[in-house]
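A quick write-up on the structure given underneath.
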Amino acid sequence: MNRRIGTVVSVGPIQPLVSCPNGDHIFTAAAGGMELESAKETPREGSSLPGEWSLSALEQNFSKILHRLTGQEARQSNSRDVALKDLRALIEATECNRLFEGSGEPHRGIPELLGQVAKALGKYAAPYKEEEGGSDGHSEVAEKAAEVGLLFLKLLGKVETAKNSLDCPAWETGLRHLAGPIYIFVITHCLEKPWTSPKSQEVAGEVLSLLLRVTGCSSEAGFLRGENEDEKGKFIVVMGLLKPDLNKETWKNNPAAKHVFSWILQQVTRPWLYQHLERILPPSLLISDDYQTENKILGVRCLHHIVLNVPAADLLQFNRAQVIYHAIFNHLYMPEHNLIQAVLLCLLDLFPILEKTMHWKGDGARTTTHCDEVLRLILTHMEPEHRLLLRRTYARNLPAFVKRLGILTVRHLKRLERVIISYLEVYDGPEEEARLKILETLKLLMQYTWPRISCRLVVLLKAILKLICDVARDPTLTPEPVKNTLLQEATDCLILLDHCSQGQVKGLLAKILLSCEDRTVVSCIRKVQQVPEGTPYHGT
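For the sequence shown, this note's numbering gives the first residue as 1292, with consecutive numbering after it.
Here it is in structure tokens:
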């Protein structure tokens, strides 16, 4: 008959194991600590191994540690520190084949308990709520993360040992419970954030490498989506763990949750992402709808990733594409250049999806599109805008809108003309990004709407020649390559303008040559005149 030969001992932080003459092991005691059940019992009937660990005792010990990390006592830092030390000693003392045993009744199952402990450790090392700890608490979080990371390395080391051993087939059960919480911890602390330090990032990176090795994955993308089509991956598991931290009431309690969500979302692409659309769209919309610009940008980038990697049919179903459009359109009223840039990039990829259901039958005027609506708003903002960063952002994206609309850009020709002329007049700094993009826009505009250009010949010719003169006499520190690029683009516009006006530009420029003494301006004019009549423009 089996009998217990160990006793319940009161211990402090667990000390190194002491071997008994009969081969059993017990923890040495220290006053004032937690009680750990002696984890030995006599060999069970039919067992050839002397002194096996007691499954119920191990479960009880892990349960007590879990209680210390999550119960009322968790608010006391000394209690959590003791629990971490006890956990470290317990992991080191337990053989891997015993660590992953027990998954049925009446036992709760050590693998499941380990998963709960891993979740508790992740919360223990999580950054504080934004208005609570502030920058003063960041160093404390980084220290906790480094300590927890070392514990995860020990746990995953046990999993790897069990994986390489033929005597422990239950390691997969343990890994299934551990992989999700550990991965969330890794992403929380491996990225450069206010709550991380070089040490915590290094430890988190080591944990990630070991996790990928143990799971047999070659990359994070493979870990989340599965290395092949038959393998599901851990994306659903990770999203399930993140879900409580991504609803309207809780998503700001953990500052890392939004970044972890954004990171894992970016790892999963076509053709895997569509099946998770119901899980990923609500958090993305929630984050983008925040009042903080940083969160708006993060949410818009998440939505952009969804637009790029989910089939159009799925986005059109239940008007999801329209929901995304209206969610980000209002961000265009915010005078934040980084936000405007993120929104415009997303919209340009969303337009083809929105317009799939719009078919012109040829018996009337084409209906106004979402692209028309956005371009109209952009031009409204561009005309009075004086902030250089916003001017550059608008100008940077203007050519894409002209390409998207093509001949339909004629609807916006008057306002485009005013914007182009006003932007060509203003110096934009050493890189001249805004003026270069406006010249690119002008070339596209002349190519798509050439029948309407001849009546605007004089206005456009004056604006281009004024630009050439300004650049030729520019006393600023603008690099010569930038000046040369500006002059070349302006010359190309003159050539294209000459094509649109059936050679009228050459006649007008001939009069200028008689009185112009600036060699740079004369050189540009001669390049236009040297183009033979009827020569097709290389850009058309």
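All residues carry an ideal CB built from backbone N, CA and C; glycine is no exception.
| Query | Result |
| --- | --- |
| C-alpha gap between residue 1601 and residue 1590, whole angstroms | 16 Å |
| Own chain partners of residue 1587 with C-beta closer than 7 Å, once the 5 adjacent residues on each side are dropped | 1579, 1581, 1622, 1630 |
| Of the listed residues 1740, 1421, 1464, nearest to residue 1485 (C-alpha basis) | 1421 |
| Residue 1257 to residue 1529 span [Cα, whole Å] | Summary: the structure shown does not reach residue 1257, with the chain confined to residues 1292 through 1831, and so no result is reported for it. |
| Range covered by the alpha helix (DSSP H) that runs through residue 1662 | 1661-1673 |
| Residues near residue 1687 in its chain [Cβ-Cβ closer than 6 Å; skip 5 each side] | 1728 |
| Spatial distance of residue 1791 from residue 1730 (CA atoms) | 16 Å |
| Cα-Cα separation between residue 1698 and residue 1823, rounded to whole angstroms | 27 Å |
| Neighbour-count burial assignment, residue 1662, 16 or more Cβ in a 10 Å radius | buried |
| Residue 1725 versus residue 1758: straight-line alpha-carbon distance, rounded | 13 Å |
| Residue from 1722, 1646, 1633 whose Cα sits closest to the Cα of residue 1610 | 1646 |
| Cα-Cα separation between residue 1658 and residue 1563, rounded to whole angstroms | 35 Å |
| Close Cβ partners of residue 1627 (< 7 Å) along its chain, the five nearest in sequence each way excluded | 1584 |
| Short Cβ contact (7 Å threshold) for residue 1533 with residue 1514 | no |
| Rounded straight-line distance, which links the Cα of residue 1417 to that of residue 1353 | 21 Å |
| As assigned by DSSP and simplified to three states, the class of residue 1717 | coil |
| Presumed contact (8 Å Cβ cut-off) between residue 1807 and residue 1733, rounded CB distance | About 22 Å; that fails the 8 Å criterion. |
| Beta-carbon proximity check, residue 1437 vs residue 1498, cutoff 7 Å | no |
| Of the listed residues 1415, 1384, 1620, nearest to residue 1642 (C-alpha basis) | 1620 |
| First and last residue of the uninterrupted alpha helix (DSSP H) at residue 1744 | Where residue 1744 is concerned, there is no enclosing alpha helix (DSSP H), given that its DSSP letter is neither H nor E. |
| C-beta contact flag for residue 1279 and residue 1449 at 7 Å | With the chain covering 1292 to 1831 only, the question about residue 1279 has no answer from this structure. |
| Residue 1737, DSSP secondary structure in three states | helix |
| Distance between beta carbons of residue 1640 and residue 1595, contact taken as under 8 Å | 7 Å |
| Proximity to residue 1667 [Cα-Cα], best of 1684, 1644, 1678, 1706 | 1706 |
| CB-CB length for residue 1690 against residue 1735, believed under 8 Å | 6 Å |
| Residue 1380 versus residue 1374 - alpha carbon distance | 10 Å |
| Buried versus exposed call for residue 1625 [16 or more other C-beta atoms within 10 Å across all chains shown] | exposed |
| Limits of the alpha helix (DSSP H) - the one that residue 1454 falls within | 1429-1455 |
| Helix, strand or coil at residue 1753 according to DSSP, with G and I counted as helix | helix |
| Beta-carbon proximity list for residue 1797, same chain, < 8 Å, skipping 5 on both sides | 1789, 1819, 1820 |
| Cβ separation of residue 1376 and residue 1433, assumed to be a contact under 8 Å, to the nearest whole Å | With a Cβ gap of about 19 Å, residue 1376 and residue 1433 do not count as contacting. |
| Classification of residue 1453 by the beta-carbon crowding that lies within 10 angstroms, buried from 16 upward | buried |
| Residue interval of the alpha helix (DSSP H) (run including residue 1605) | 1603-1607 |
| Boundaries (first-last residue) of the alpha helix (DSSP H) holding residue 1780 | 1771-1791 |
| Residue environment, residue 1768, which counts as buried when at least 16 other CB atoms sit within 10 Å | exposed |
| Counted within 10 angstroms of its Cβ, other Cβ atoms place residue 1508 as buried (16 or more) or exposed | buried |
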